[in-house]
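Single-structure report; data block below.
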Amino acid sequence: MTRRGAAEEALAVEQDRSRNQAAGKRDAWRDERVAAQYEPRRFRTALQRLKHRHDTALVLALLRAAPGVRRVLDLPTGTGRILPELRAAGYRAVGADVALEMMRAGRKLRPENAALVQADAARLPFASATFDAVVSLRFLFHLDDQERRRCLSEMRRVAQGGIVVGEVRYRGTLKHLGRWLRSFAGLARRYRPSAGHAEIERELAGAGLELVRLVPVSRLFSDKAIFLARPSERRSTESEQLIHDPPEA
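Under the working numbering, the final residue of the sequence shown carries the number 287; numbering is consecutive throughout.
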């Protein structure tokens, strides 16, 4: 087998593993016990809570850069942890998730999160242009290419301005390089491929979206980045202004 063939086979194996892992996670979130323990586990330390605040600040900065955004869909919302921050920033926020158990767990923690809808991200029950923007954190990189394209297309459809703020794994970080080196040296069991800037642009274009900004969560401590995208056919002067100057988190 050629080196290229071996690399393609390794990538296919990784994609199959990721697909099976994503399906397992979707099933796990429907377990009431898992849902009830999600926030206590994920946000139990000060560092975890700081990371959440940092990610939320990046999302809000990107939303502020998009003119005319008022109605925001958080997808998948999970326990709805970001909804209070969206509302505090002046947005009319709705959370949607396929896992009713996760939303119920969040409702117990935040009873004010009344706007919650059970929905499959690939087949959203909302009319076109119901929202101005869609926010999607910790979700898209769990999907395979076809699922991700379908979900991104749905996000674009339900957003009136077609504005999507999402999270991806990004190659341009030191953490990604460190993972690659550990895998290459045999010190790590598996290596999760991340996309570069051009690959992210191509993937968004496949869903009818154009990459406007790509902001690394942290080049040192994270291999994730948050993007701002708009419909690829949109060329208004107002939107063109988004390209200049990265947002302040």
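Note that the Cβ used here is the ideal one computed from N, Cα and C, for glycine as well.
Within 8 angstroms, strictly: CB atoms of valine 255 and alanine 263: yes
Simplified DSSP assignment, three categories, for tyrosine 129: coil
Straight-line Cα distance separating phenylalanine 259 from histidine 90: 14 angstroms
Residues that tyrosine 208 bridges to, as DSSP identifies them: Ala233
Inter-residue Cα distance where the pair is glycine 118 and glutamate 150: 10 angstroms
Residue range of the unbroken alpha helix (DSSP H) whose run includes phenylalanine 251: According to the sequence as given, residue 251 is arginine; it is not phenylalanine. Note, arginine 251: premise wrong, no alpha helix (DSSP H); beta strand (DSSP E) at 247 to 254.
Leucine 97 and aspartate 170 closer than 8 angstroms at C-beta: Sequence check: residue 97 is valine here, not leucine. Contact: no.
Sequence-distant residues of the same chain with beta carbon closer than 7 angstroms to arginine 176, five excluded per side: Glu205
Distance, glutamine 86 Cα to arginine 268 Cα: 30 angstroms
Per-residue DSSP class, three states only, for serine 270: coil
Close beta carbons around arginine 194, own chain, < 7 angstroms, minus the five adjacent residues each side: Gly200, Val202, Ala245, Gly246, Leu247, Pro269
Segment limits, beta strand (DSSP E) that includes leucine 88: Counting along the chain, leucine 88 falls outside any beta strand (DSSP E), though it belongs to the alpha helix (DSSP H) covering 84 to 102.
Nearest residue (CA-CA) to phenylalanine 179, options Ala99, Glu241, Arg82, Thr168: Glu241
Boundaries of the beta strand (DSSP E) in which arginine 109 is found, first to last residue: 109 to 112
Range of the contiguous alpha helix (DSSP H) that encloses leucine 154: Not the alpha helix (DSSP H): leucine 154 falls in the beta strand (DSSP E), residues 154 to 156.
Range of the contiguous beta strand (DSSP E) that encloses valine 196: Counting along the chain, valine 196 falls outside any beta strand (DSSP E), though it belongs to the alpha helix (DSSP H) covering 183 to 196.
Exposed unless 16 or more other CB atoms sit within 10 angstroms - verdict on leucine 147: exposed
Length of the line joining the Cα atoms of leucine 252 and valine 72: 32 angstroms
Boundaries of the alpha helix (DSSP H) in which alanine 73 is found, first to last residue: 70 to 80
Nearest to tyrosine 76 (by Cα), restricted to the options Ala159, Ala143, Gln156, Val136: Ala143
Buried/exposed call for glycine 133, threshold 16 Cβ in 10 Å: buried
Residue of Arg187, Ala165, Arg257 minimising C-alpha distance to alanine 238: Correcting the residue type first, residue 238 is isoleucine in the shown sequence and not alanine. If we check each option's Cα against that of isoleucine 238, Arg187 comes out closest.
Residue from Phe81, Gln156, Val196 whose Cα sits closest to the Cα of arginine 109: Val196
Distance, glutamine 198 Cα to glycine 210 Cα: 31 angstroms
Reference serine 174, options Tyr208, Phe265, Ala84, closest by Cα: Phe265
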